[in-house]
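Residues 1 to 386 (full-length UniProt numbering) are what the sequence shown spells out, left to right. Where a beta carbon is used, it is the ideal one built from N, C-alpha and C, also for glycine. Only a predicted model underlies this, so the values are computations on that prediction, with no experimental measurement involved. Written out below as structure tokens is the structure these notes cover.
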Amino acid sequence: MTEATATAGALERLSAEGVSIWLDDLSRRRIDSGNLAGLVEHQHVVGVTTNPSIFQAAIGSGDGYEEQLADLAVRGVSVDEAVRMMTTADVRAAADVLRPVYEATGGRDGRVSIEVDPRLADATAATVAEARQLAWLVDRPNAMIKIPATRAGLPAITEVVGAGISVNVTLIFSLERYREVMDAYLAGLEKARAAGRDLSSIHSVASFFVSRVDAEIDKRLTLLGTEEARALKGRAALANARLAYAAYEQVFGSADGGTPAGERFAALAGAGANAQRPLWASTGVKDPAYKDTLYVDELVAPGTVNTMPEGTLNAAADHGVVTGDTVTGGYERARADLAAVERLGISYDEVVRQLEEEGVAKFETAWQDLLDAVAKSLNSKGVDAE
Numbered sequence: 001m002t003e004a005t006a007t008a009g010a011l012e013r014l015s016a017e018g019v020s021i022w023l024d025d026l027s028r029r030r031i032d033s034g035n036l037a038g039l040v041e042h043q044h045v046v047g048v049t050t051n052p053s054i055f056q057a058a059i060g061s062g063d064g065y066e067e068q069l070a071d072l073a074v075r076g077v078s079v080d081e082a083v084r085m086m087t088t089a090d091v092r093a094a095a096d097v098l099r100p101v102y103e104a105t106g107g108r109d110g111r112v113s114i115e116v117d118p119r120l121a122d123a124t125a126a127t128v129a130e131a132r133q134l135a136w137l138v139d140r141p142n143a144m145i146k147i148p149a150t151r152a153g154l155p156a157i158t159e160v161v162g163a164g165i166s167v168n169v170t171l172i173f174s175l176e177r178y179r180e181v182m183d184a185y186l187a188g189l190e191k192a193r194a195a196g197r198d199l200s201s202i203h204s205v206a207s208f209f210v211s212r213v214d215a216e217i218d219k220r221l222t223l224l225g226t227e228e229a230r231a232l233k234g235r236a237a238l239a240n241a242r243l244a245y246a247a248y249e250q251v252f253g254s255a256d257g258g259t260p261a262g263e264r265f266a267a268l269a270g271a272g273a274n275a276q277r278p279l280w281a282s283t284g285v286k287d288p289a290y291k292d293t294l295y296v297d298e299l300v301a302p303g304t305v306n307t308m309p310e311g312t313l314n315a316a317a318d319h320g321v322v323t324g325d326t327v328t329g330g331y332e333r334a335r336a337d338l339a340a341v342e343r344l345g346i347s348y349d350e351v352v353r354q355l356e357e358e359g360v361a362k363f364e365t366a367w368q369d370l371l372d373a374v375a376k377s378l379n380s381k382g383v384d385a386e
């Protein structure tokens, strides 16, 4: 077996199980070099996600952005405008690379996500306005606008979906918030239907974060130090994600038809609506003691998306173990694992609330770092960036 065949094998099996493989990374160099196109052609990548941290790393390096930065400097644009122009240009170009996948899958895949300014996470109206602006600027049918699942983000999801814009809901940590996200999506579809929009053109994913849950709960289990606590390490994140999939099946129905869709979505599906697929995010392991493909191998289920940083993608291709559905048979164990964590005095509600707050703060920090780096670049070209 050649190296190329071995590489394709594990990812091909993952795709065959109904998992869409998306790359959690983007840069201009990746696009211009043909790397992204190569991943689509050879590594079964059918989508791309971005976030403020990814753009901070890409644009902050300056690699591939020099010409556009010079043009923006000559025009005297603000720092915010410069960042918006560079990020939307990258997403537009990536969307063009993935357009054939979008066409071949009827809009299900071939998607590229771009996030609203994270500083707007607690402002509903501003998030809606920003989402509309980003959709207009990217101007590609396969773009998805990322909206955080904050309290203020929920009504924004409804409004943006109601406007016919496809949405990637990000920073979901709790099962309760995930149910609220699904409800917000359904409310948006109902608004879109009332406005006479084509529901079949609206797609959505719900990005359920994985590894950060283990990182926080494992830290608390380590502090407890008991044998029972140590035995629970590395189990909470998978349990949380598996129960999220159970919640998804209750609303949208199971792939095998064993669990029918809820009445609310069934009525919308009759008008052409698409289910909001669960997307496993933050799938790179944080603890080097864990197998680097843990959150790939153990979260295989039909109708899901796994967005991976390139290191995790390469690891999955090289030595991932895909043996079939590893989610739907594990609901009882998942409930038991989370209950065991609670019995040890670790509050699930406290952990997921903390993770949401930290997630928003991390993206705000990355965005500010990006703004600072771009301001420095513009100033170096003789422009007083504001």
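- Task: Note down the Cα distance separating Leu313 from Leu344, rounded to an integer number of angstroms.
- Result: 35 Å
- Message: DSSP three-state label for Thr87, please.
- Response: Residue state, collapsed to three classes: helix.
- Task: Out of Arg140, Ala57 and His42, point me to the one whose CA is closest to Ala89's CA.
- Result: Arg140
- Message: Buried or exposed for Gly311, going by 16 or more other Cβ atoms inside 10 Å?
- Response: Gly311 is exposed by the Cβ-count criterion.
- Item | Inter-residue spacing [alpha-carbon to alpha-carbon] between Glu180 and Leu154 | 7 Å
- Rank Ser20, Arg119, Pro288 and Tyr331 by C-alpha distance to the C-alpha of Asn51 and give the top, closest one. Arg119
- Task: Grab the span of the alpha helix (DSSP H) containing Phe252 for me, first residue to last.
- Result: Ala236 to Phe252
- Run the CB neighbour count on Leu224, radius 10 Å, all protein chains shown included, and call it buried at 16 or more, exposed below. exposed
- Message: Using a 10 Å radius around the Cβ and a threshold of 16 neighbouring Cβ atoms, would you call Pro278 buried or exposed?
- Response: Pro278 is buried by the Cβ-count criterion.
- Start and end residues, alpha helix (DSSP H) containing Thr312: Glu310 to His319
- Can you name, in chain order, every residue of its own chain whose Cβ lies under 8 Å from the Cβ of Ala340, other than the five neighbours on each side? Glu228 and Leu232
- Query: Taking Gly106 as the reference, which of Val46, Ala156 and Val327 has the closest Cα?
  - Reply: Val46
- Message: With distance defined between alpha-carbon atoms, name the residue in Val205, Ser27 and Gly270 nearest to Asp63.
- Response: Ser27
- Message: Only counting the same chain, and skipping five residues up and downstream in sequence, which positions put a Cβ closer than 8 Å to that of Ile114?
- Response: Thr50, Thr87, Thr88, Val91, Leu134, Val138, Ala143, Met144, Ile145 and Lys146
- Candidates Glu67, Arg84 and Leu11, of which the one nearest Leu371 by Cα: Of the candidates Glu67, Arg84 and Leu11, Arg84 places its Cα closest to the Cα of Leu371.
- Message: Measuring straight from C-alpha to C-alpha, what distance separates Ser166 and Leu186?
- Response: Looking at the two C-alpha atoms, the distance is approximately 13 Å.
- Query: Among residues of its own chain, excluding the 5 on either side of Leu355, which ones have a beta-carbon nearer than 8 Å to its beta-carbon?
  - Reply: Cβ contact annotation for Leu355 (same chain, cutoff 8 Å, sequence separation greater than five): Phe173, Phe209, Arg212, Val213 and Glu216, in chain order.
- Closest Cα partner of Ala93 within the set Leu294, Asp32, Asn240 and Arg353: Asp32
- Item | Straight-line Cα distance separating Thr124 from Glu81 | 21 Å
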